[in-house]
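Student:
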Amino acid sequence: MPKLKKSIEVDVPVRVAYDQWTQFEEFPSFMEGVQSVQQLDEKRLHWRAGVGGRVEEWDAEIYQQEPDRVIAWRSISGAPNEGVVRFEPHDGDKTKIELELHWEPKDATERVGDVLGADDLRVQGDLKRFKEFVESRGAPTGGWRGRIEGERVEEDAGSGSRG
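For the sequence shown, the residue numbers in our numbering are 1 to 163.
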């Protein structure tokens, strides 16, 4: 399974960066190829994206989430993929975001893209666009402060919506 690890520093506090990342339905605003992300419940997402010249759809579940620290997920349908994003306070009111992805290429087109570094460039571009998106706003479009550990979901009473 190919693995990709990228990071970026954003000029917003960790809470702002984390809260914005929990707004999964906003991902098409900054992620290349992502057409839509539908929040099914606190743990499950339905993705639709252009991959290797065709449209793919899959469901993913969040199995670990800790506010201002980490969100980890894995696919539960479609092509196997999983990832984790970590948030770390950095230099005062800045945040280091580290994204790690693993996926199973479906065919030769996806394998060639991986070998040529296309996936690497795409993910770095997505992080750069997220940086521009969250910094230009200065505040998140929403936030969800609940916790997820395996099957357990704990809502935070002051939590906003996932959106």
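Positions of the beta carbon are idealized from the N, C-alpha and C atoms, including for glycine.
(1) Out of Ile-71, His-90, Gly-78 and Gly-52, which has the shortest C-alpha to C-alpha gap to Gly-146?
(2) Give the secondary structure of Val-10 by DSSP, where H, G and I count as helix, E and B as strand, and everything else as coil.
(3) When DSSP labels each residue in this structure, what does Asp-59 get in the three-state scheme?
(4) What does DSSP give as the partner residue(s) for Arg-86 in the beta ladder?
(5) Starting from Lys-43, follow its DSSP beta bridges and name the residues at the other end.
(6) Which of the three DSSP states is assigned to Val-77 in this structure?
(7) Would you mind stating whether Trp-47 and Ala-79 have Cβ atoms separated by less than 8 Å?
(8) Per DSSP, Gly-50 is paired with what?
(9) By DSSP, does Arg-145 sit in helix, in strand, or in coil?
(10) Tell me whether the beta-carbon of Val-123 lies closer than 8 Å to the beta-carbon of Leu-101.
(11) Taking Cβ to Cβ, would you say Gly-50 is nearer than 8 Å to Gly-33?
(12) For Asp-93, which residues from the same chain have a beta carbon less than 6 Å from its beta carbon, with the 5 sequence-adjacent residues on both sides left out?
(13) Judging by CA-CA distance, which residue of Asp-120, His-90, Gln-65 and Asp-91 is the nearest neighbour of Thr-22?
(14) Looking at the structure shown, is Glu-154 part of a helix, part of a strand, or coil, going by DSSP?
Tutor: With the structure as the only source:
(1) Ile-71
(2) strand
(3) strand
(4) Val-70 and Glu-98
(5) Answer is none; Lys-43 lacks a bridge partner.
(6) It should be noted that the sequence gives Ser, not Val, for residue 77. Coil at Ser-77, not helix or strand.
(7) no
(8) Val-55
(9) coil
(10) yes
(11) yes
(12) Pro-13
(13) Gln-65
(14) strand
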